[in-house]
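Participant:
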Amino acid sequence: MTTVHRVRLMRQKGFTVLELTITLTMFGVLSALFVPTFNTQVRDARRRAATQQFVSVQSLAKATALAHRRVAQLHIDAQDGRWWIEIDTSVVGGITDTIGPVTKIPPGVTMTSNRSLVCFDARGMSTQVGACEAMSITVGFAANDQSVQLTTTRLGKVLR
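Heads up, the sequence shown is in my numbering, so the first residue is -17 and it goes up one at a time.
1) Over what stretch of residues does the alpha helix (DSSP H) that includes residue 8 continue unbroken?
2) Should residue 61 be labelled buried (16 or more other beta-carbon atoms within 10 Å of its own) or exposed?
3) Taking the alpha-carbon positions, what's the residue 142 to residue 3 distance?
4) Who are the near neighbours of residue 97 in its chain, counting only those whose CB is closer than 7 Å to its CB and skipping five residues on each side?
5) Using DSSP with H/G/I as helix, E/B as strand and the rest coil, what is residue 93?
6) Buried or exposed: residue 108, going by 16 or more other Cβ atoms within 10 Å of its Cβ?
7) Buried or exposed for residue 153, going by 16 or more other Cβ atoms inside 10 Å?
8) How many angstroms separate the CA atom of residue 135 from the CA atom of residue 23?
9) Could you tell me the distance, in whole angstroms, from the CA atom of residue 14 to the CA atom of residue 93?
10) Should residue 143 go down as buried or exposed, given a rule of 16 or more other Cβ atoms within 10 Å for buried?
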């Protein structure tokens, strides 16, 4: 191998400053285009997940009332974005247990509700006992200027 060939091989290793600048500029432009779209998709997925979790917890409240043959309470705290189920599980009465976890909405999602306490009787229907609020409930989840409204009828059917 001659000296000329060695010099050419040495020059071909690595990148030039111009090549690095062009590559980094292209990466920056592509990032600026796709990161906002990705963030929007993440928030939309979180909104859909919160909606599905609420529907599942509402079904669990109805099933718990049916299984225990007692009133199950679905607590909705829209201000803090959370909900949970409570039921009296004692034989004599007076001991309230939380069924399942207290579910909190993910970041970037807001929640609204026209009720704070919904109860389901032993038949799985909405009831008005004590502080319980009967009738239909409407719960909304919003993220990225998109929202979903869930309405639950007095019979417990969820309408989207």
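Glycine residues also receive a C-beta, built at the ideal position from the N, C-alpha and C atoms. All figures in this text were calculated on a predicted structure; none of them were measured in a lab.
Facilitator: The answer reads as follows:
1) It spans -1 to 50 - the alpha helix (DSSP H) in which residue 8 sits, taken as one unbroken run.
2) With fewer than 16 other Cβ atoms within 10 Å, it is exposed.
3) C-alpha separation (whole angstroms): 51 Å.
4) The residues are 58, 115, 119.
5) Three-state result, residue 93: strand.
6) The residue in question, residue 108, is buried, as its Cβ has 16 or more Cβ neighbours within 10 Å.
7) Nothing in the structure corresponds to residue 153, since the chain is present only between -17 and 142.
8) So the alpha carbons of these two residues sit roughly 30 Å apart.
9) Approximately 30 Å, taken between the alpha carbons.
10) Residue 143 lies beyond the range of the chain shown here (-17 to 142); nothing can be said about it.
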